[in-house]
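Visitor:
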Amino acid sequence: MHTNKIIHWGILCFAITLGAQAVATEQLPYETIKSDKPFELRQYDAYLQAKVTVDAKFNEAGSEAFRTLFRYIDGGNTQQQSVAMTTPVTQRASTSQKIAMTAPVIQQAASSQEIAMTAPVTQQLDSGGQFEVAFVMPSKWTLETLPVPTDERIEIEQVTPQQTAVVRYSGGWSEKKYKKHLGKLQQWINEQGYKVAAEPVWARYNPPFMPWFMRRNEILIRVVKN
């Protein structure tokens, strides 16, 4: 019994530590227009994201793209600056349309300055089976000031303001669970009198070592009123 208590408190302390780390990470801001748990209607302002397209299975795309994107925010850019990570990380269907980079490519020596990572990381699936995984950039950066990637596979994109329907859920990152909640979100969108305006985006706010019951996962779909 004593051993079980020690294990219980150990897990609790570990969870609290992870929760504190999550709070410390900058998150993509939004305004909640309507809340109908687990669903929300949100308004997002424009933001920047660094994205890469990978050929991989649903459950493998995030980890494969993560390494490429992390090298960029860890100093793999023309200014040798590190970019802090923001949550969430997103995954979605990739598009064939390339986004032109407006920031000039400047080769210069610089001390390694981190660019914080923002949440979420997003992921989207395209019709050809490719995934587009993106890191949201911290709000302090603009197209003119954001360090330019040295890896040509990485694109910097400015996402336009949008109204988004969202479903939030905890648990694992399986494709089965994703599809289950996607179906519920699509039904809710119809019931609210909206129509889908873009491909769904899968957003993850936590690192892989976060216990499944503490994870924040979301599916976001851009919508317009019927």
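Counting in my numbering, the sequence shown runs from 1 upward without gaps.
Glycine residues also receive a C-beta, built at the ideal position from the N, C-alpha and C atoms.
Every value quoted in this text rests on a predicted model; they were computed, and no experiment measured them.
1) Which two residues bound the contiguous alpha helix (DSSP H) that contains Thr-68?
2) Kindly indicate which residue of Asp-55, Leu-182, Thr-86 and Ile-189 has the alpha-carbon position closest to the one of Thr-25.
3) Going by DSSP, what residues sit across from Tyr-44 in a beta bridge?
4) Short of 7 Å in beta carbon distance, which residues of its chain neighbour Gln-158, apart from the five on each side in sequence? Order them along the chain.
5) Could you pull out every residue in the same chain whose Cβ sits closer than 6 Å to the Cβ of Glu-31, ignoring the five residues on either side in sequence?
6) Taking the DSSP output, what are the residues bridged to Pro-149?
7) Output the distance between the C-alpha atoms of Leu-41 and Pro-211, rounded to the nearest integer angstrom.
8) By how many angstroms is the C-alpha of Tyr-194 removed from the C-alpha of Val-224?
9) Taking three-plus beta-carbon pairs below 8 Å as touching, is the stretch 183 to 192 in contact with the stretch 70 to 84?
10) Does Phe-209 come out as helix, strand or coil in the three-state DSSP assignment?
11) Taking the straight line between their C-alpha atoms, what separation do you get for Trp-173 and His-181?
Guide: This is what the structure gives:
1) 58 to 73 is the extent of the alpha helix (DSSP H) around Thr-68.
2) Taking only the C-alpha atoms, the option nearest Thr-25 is Thr-86.
3) Answer is Gln-162.
4) Once the five neighbours on either side are set aside, the close Cβ partners of Gln-158 are Ala-46, Leu-48 and Leu-143.
5) The residues are Gln-43.
6) Under the DSSP definition of a beta bridge, Pro-149 partners with Asn-77.
7) If I take the Cα positions, the gap works out to 27 Å.
8) Rounded to whole angstroms, Val-224 and Tyr-194 show a C-alpha spacing of 6 Å.
9) Touching, no, given that fewer than three Cβ pairs across the two stretches are closer than 8 Å.
10) Phe-209: coil per DSSP, three-state reduction.
11) Cα to Cα, the separation comes out at about 12 Å.
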